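Numbering (my numbering), first residue to last: 543 to 697.
Glycine included, each C-beta is placed from N, C-alpha and C at the ideal position.
Being a predicted model, the structure only gives us computed values, none of them experimental.
First comes the structure, then the notes that go with it.
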Amino acid sequence: MCLATTLVSAQTSQQEADSRTVLGGGDEYLSAGAMAILAGQYDDGIRLTNLGLQRPQRAADKAAALSNLCAAHAAKGEPDLAIKYCTESIAINDHSWRPYSNRSYAFYLKGMYDKAQEDLKVASSLSPQARQVAQIRGMINERNLRPSVIMEEHQ
């Protein structure tokens with residue numbers, strides 16, 4: 543299941559301006575990188591986003607770009623890189639739900655369900671209606687609720 547399109551999406555609401563993905567108006571590389579990630583072209587999105595990050599950026603744009611890198615690496619099944627980028631994004635802007643949600647998914651990929659739940663709790667407190675948060679919560683719950691069967695040896 544590919545979650546990049548749900549992990550990276552544009553926000554139009556002014557109240558969520560600091561939680562947005564970098565699209566339009568800002569650096570053209572960051573915008574193109576976000577669009578490539580949305581389209582599932584993760585390697586191109588990562589390359590373009592990294593090019594954009596080589597230029598001076600506003601803190602909010604840099605945090606959003608780092609969260610986008612996190613989402614792309616998580617979608618590629620590279621949770622360690624994803625966690626690194628999300629942690630950098632959170633260090634710049636800890637009021638955005640996206641890097642917490644993205645990092646939660648990366649922790650999920652690593653089987654670190656307690657850490658995934660912790661980040662998901664923060665993401666949910668920042669954006670209770672975000673469908674990505676509900677989607678990841680469902681994945682974690684499904685994984686945690688799977689029955690296990692213990693077989694007895696017969697002699």
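Tell me which residues share the same chain as residue i and place their Cβ nearer than 6 Å to its Cβ, disregarding the 5 neighbours each side in the sequence.
i    : result
D661 : Y642, R645 and S646
E620 : none
Y627 : L608, L611 and C612
F649 : K657 and A658
To the nearest angstrom, how far is the alpha carbon of residue i from that of residue j?
i    : j    : result
R673 : E630 : 23 Å
A614 : A624 : 8 Å
S666 : M681 : 15 Å
E684 : K663 : 17 Å
S669 : W639 : 6 Å
I698 : H637 : This structure leaves residue 698 out entirely; the chain is present only between 543 and 697.
K652 : T591 : 24 Å
G582 : L595 : 20 Å
D622 : I632 : 15 Å
E694 : L687 : 22 Å
I'd like the list of long-range same chain contacts for residue i, defined as Cβ closer than 7 Å, with 5 residues on each side in sequence excluded.
i    : result
F618 : The residue asked about is misnamed: residue 618 is Lys in this sequence, not Phe. So the qualifying residues of the chain are Y584.
Indicate the three-state DSSP secondary structure (helix, strand or coil) for residue i in the structure shown.
i    : result
R685 : helix
Q674 : helix
D661 : helix
H637 : coil
S669 : coil
Enumerate in chain order the residues of its own chain whose CB-to-CB distance from residue i is below 8 Å, with the five nearest sequence positions on each side excluded.
i    : result
A601 : I634 and N635
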